[in-house]
DNA sequence: TTGTAGGCGTTATCAA
DNA sequence: TTGATAACGCCTACAA
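Dropping the structure here:
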């Protein structure tokens, strides 16, 4: 049925171990043997069974990547970036979608644990304890979140918030709302905190609304609250909320961005095309993903000869594009 | 380090095989033993090693899902649907993104082959021969494409095209363009063929443009050709092309949809929000994904007792929503 | 009902 | 340089 190392061995007239060597370490075997083996392997269409190899070596060549929602353009972008980089490092990526659910998050990690060498975790919801526990069993790199001493790659949310505020202030906004995303989201906390600190220090008024679900519907739901708060600008936890918001605000007869400006984090490919215009704040997913992979690969390497420990360089959050009344390009 | 079946056996004071039974077939073991084992397992936090199990049983409990672009909303929708259904059938899903590249497609399939029980393949580009070969090694279900006698789940493209044309004709369009997607796309061929047949039989004029890449840029690139063709309606291979098209057409001072109607297949979550309006044709991804999983699971089951062979019921393509001048809801 | 033994495909160790 | 042999963790006859 399926061709094994022994089939190749038989055809090449050598032992299984020689086949193994001829394929893995061609220089540790006589040239003639190597050729015979390689030809036999090719002829039979032999592919080493990675599962069996994993059992024997303890290394699978796979990286697990856990994201809350693979249909969210931000995360699918991360998946792409991770795959590209992982491939360059000779790793395969097994992406897993937790559907924003903590329970499946943990479950998925367990079923995947023995099939990967390490995890890249976008787990904004899971409890610190769970994550620490996972990190004890298997190498883990956290994305966009800090938990204890677990290696992580994060955006510089404070700086991103600063850029947004600078932008809005330049447009003469003084009373600004923040629509909070999921209460348990780490990034949400960071952004809210940064906003509070910054607006306070600049003498701006900050109105906090939410928490709402990070969806179009969430944005629709919070619109009336915002209109009643008489702010001139709104910063939304993400683009989807911002879109719902704009839709509902407009339906109420309020003009965007003349009467009220809307800014959303993350980026949906077509968000720019929306009318009325949405100011989008985007994160450099490509570099984000690459860095995360590099860090995890480092950690895996260090495991061989333990002792060293690394820390990720924090990343810039970049306001990439704006369609606000007074367009301005940040980077 | 990692807790194995033997650790549990020791703690429970039984043999490894009893642990195995107590966990897999609790009824084939004495109640007392079962309890002792289960408690020991819980206490140690034992999780069976799926890799080892796979080696022994030949079944991994994983389904491979290959898609050309996980960032494309159509495919991420399929991934979601597949995961939901697979989970109900006690399977995990390993999604793989081929980046629209035939070579990685094949490569990915090989590295995944021993880690899954079967494949769900969205491989619009790969050659028939490659796919047949894969299908010989391991159970395969093709999505949105027919290759020989490989089980497959497809949309009824002809019917979908009929709905679109009916819609446009009701709006008095007589001269209609089709913007073809990738030349090697099976679905593209099907749609073009259906369009030719149908328009001919209805006495409509069909202008074919393209092929273009299935992206925003592809749409921009083809706009001038269409304007020169003096059609009143355009059907695009997908939403991304349609968006680029609208953008460029509008930039040329032509109004959408007053001067020209644009229809796009697939659906991007925010496509409805675009202005000028885009008529979207959406496919029922949820049911699509579910059906594919069911079919593959069937095939896997039949493998045990081979002999039977199944065929997927073709699926309806549904025009779900339109923002055209004379809105009309199909379903 | 339970335990023992063998095997799944590979790699690593150790002799030869 | 090569070939037995053991081990990875689990499952399943088969025997007790």
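Chains as they are written, first to last, in full-length UniProt numbering: chain A, 1 to 331; chain B, 1 to 331.
For every residue, glycine included, the Cβ atom is placed at its ideal position computed from N, Cα and C.
Source: prediction; values computed, not measured.
Top-ranked residue by Cα proximity to residue i, from the options
i: residue 228(A); options: 207(A), 145(A), 197(A) and 53(A); result: 207(A)
i: residue 154(A); options: 169(A), 162(A), 190(A) and 301(A); result: 190(A)
i: residue 343(B); options: 160(B), 146(B), 33(B) and 51(B); result: Within the shown structure, residues of chain B are numbered from 1 to 331, placing residue 343(B) beyond reach of any answer.
i: residue 282(A); options: 77(A), 69(A) and 146(A); result: 77(A)
i: residue 232(B); options: 299(B), 40(B), 150(B) and 171(B); result: 171(B)
i: residue 124(B); options: 296(B), 75(B), 259(B) and 279(B); result: 75(B)
i: residue 156(A); options: 139(A), 296(A), 298(A) and 288(A); result: 288(A)
i: residue 128(B); options: 146(B), 139(B) and 138(B); result: 146(B)
i: residue 212(B); options: 40(B), 131(B) and 178(B); result: 178(B)
i: residue 107(B); options: 137(A), 301(A), 136(A) and 87(A); result: 87(A)
Backbone CA spacing between residue i and residue j [nearest angstrom]
i: residue 101(A); j: residue 67(A); result: 10 angstroms
i: residue 166(A); j: residue 85(B); result: 47 angstroms
i: residue 91(B); j: residue 73(A); result: 25 angstroms
i: residue 308(A); j: residue 148(B); result: Its pLDDT being 32, under 50, residue 308(A) is placed unreliably in this model, and the coordinates cannot settle the point.
i: residue 5(A); j: residue 46(A); result: 8 angstroms
i: residue 114(B); j: residue 96(A); result: 18 angstroms
i: residue 82(A); j: residue 16(B); result: 39 angstroms
i: residue 197(A); j: residue 187(A); result: 15 angstroms
i: residue 30(A); j: residue 8(A); result: 17 angstroms
i: residue 48(A); j: residue 22(A); result: 13 angstroms
i: residue 158(A); j: residue 80(B); result: 33 angstroms
i: residue 230(B); j: residue 249(B); result: 12 angstroms
i: residue 143(B); j: residue 240(B); result: 21 angstroms
i: residue 69(A); j: residue 126(A); result: 14 angstroms
i: residue 298(B); j: residue 53(A); result: 29 angstroms
i: residue 2(A); j: residue 219(A); result: 54 angstroms
i: residue 36(B); j: residue 55(B); result: 27 angstroms
i: residue 296(A); j: residue 214(A); result: 28 angstroms
i: residue 164(B); j: residue 136(B); result: 38 angstroms
i: residue 310(A); j: residue 286(A); result: Confidence at residue 310(A) is low in this model, with a pLDDT of 39, below 50, so its placement is unreliable and the value that follows should be read with caution. Those two C-alpha atoms are separated by around 21 angstroms.
i: residue 139(A); j: residue 279(A); result: 38 angstroms
Residue i at chain B interface by Cβ criterion, 9 angstroms
i: residue 70(A); result: yes
i: residue 309(A); result: Only weak support is given to the placement of residue 309(A): the predicted model assigns it a pLDDT of 34, under 50, and the question is left unresolved by the model.
i: residue 110(A); result: yes
i: residue 295(A); result: no
i: residue 47(A); result: yes
i: residue 2(A); result: yes
i: residue 226(A); result: no
i: residue 275(A); result: yes
i: residue 302(A); result: no
i: residue 135(A); result: no
i: residue 179(A); result: no
i: residue 264(A); result: no
Whether residue i touches residue j by CB criterion (9 angstroms)
i: residue 410(A); j: residue 11(A); result: The shown model of chain A, from 1 to 331, leaves out residue 410(A), and the question about it has no answer.
i: residue 117(B); j: residue 193(B); result: no
i: residue 247(A); j: residue 216(A); result: yes
i: residue 168(A); j: residue 263(A); result: yes
i: residue 257(B); j: residue 277(B); result: yes
i: residue 204(B); j: residue 162(B); result: no
i: residue 238(A); j: residue 160(A); result: no
i: residue 20(A); j: residue 293(A); result: no
i: residue 255(A); j: residue 223(A); result: no
i: residue 234(B); j: residue 243(B); result: no
i: residue 152(A); j: residue 141(A); result: yes
i: residue 121(B); j: residue 109(B); result: yes
i: residue 236(B); j: residue 225(B); result: no
i: residue 339(B); j: residue 104(A); result: Outside the modelled stretch of chain B, which goes from 1 to 331, sits residue 339(B), for which no answer is possible.
Cβ of residue i within 9 angstroms of any chain A Cβ
i: residue 325(B); result: In this prediction, residue 325(B) has a pLDDT of 29, which is less than 50 and means its spatial position is unreliable; what the coordinates show is noted afterwards. Not one chain A Cβ lies under 9 angstroms of residue 325(B).
i: residue 61(B); result: yes
i: residue 50(B); result: yes
i: residue 73(B); result: yes
i: residue 16(B); result: no
i: residue 84(B); result: yes
i: residue 95(B); result: yes
i: residue 7(B); result: no
i: residue 54(B); result: yes
i: residue 254(B); result: no
* Asked: Which residues, taken in chain order from the region 102-129 of chain B, show a beta carbon closer than 9 angstroms to some beta carbon of chain A?
  -> 104, 108, 110, 111, 112, 113, 114 and 115
* the region 16-33 of chain A: which residues have C-beta closer than 8 angstroms to a C-beta of chain B, in chain order? -> Here the close residues number zero.
* Return the residues of the region 203-228 of chain A that lie within a Cβ-Cβ distance of less than 7 angstroms from chain B, sorted by chain order. => none
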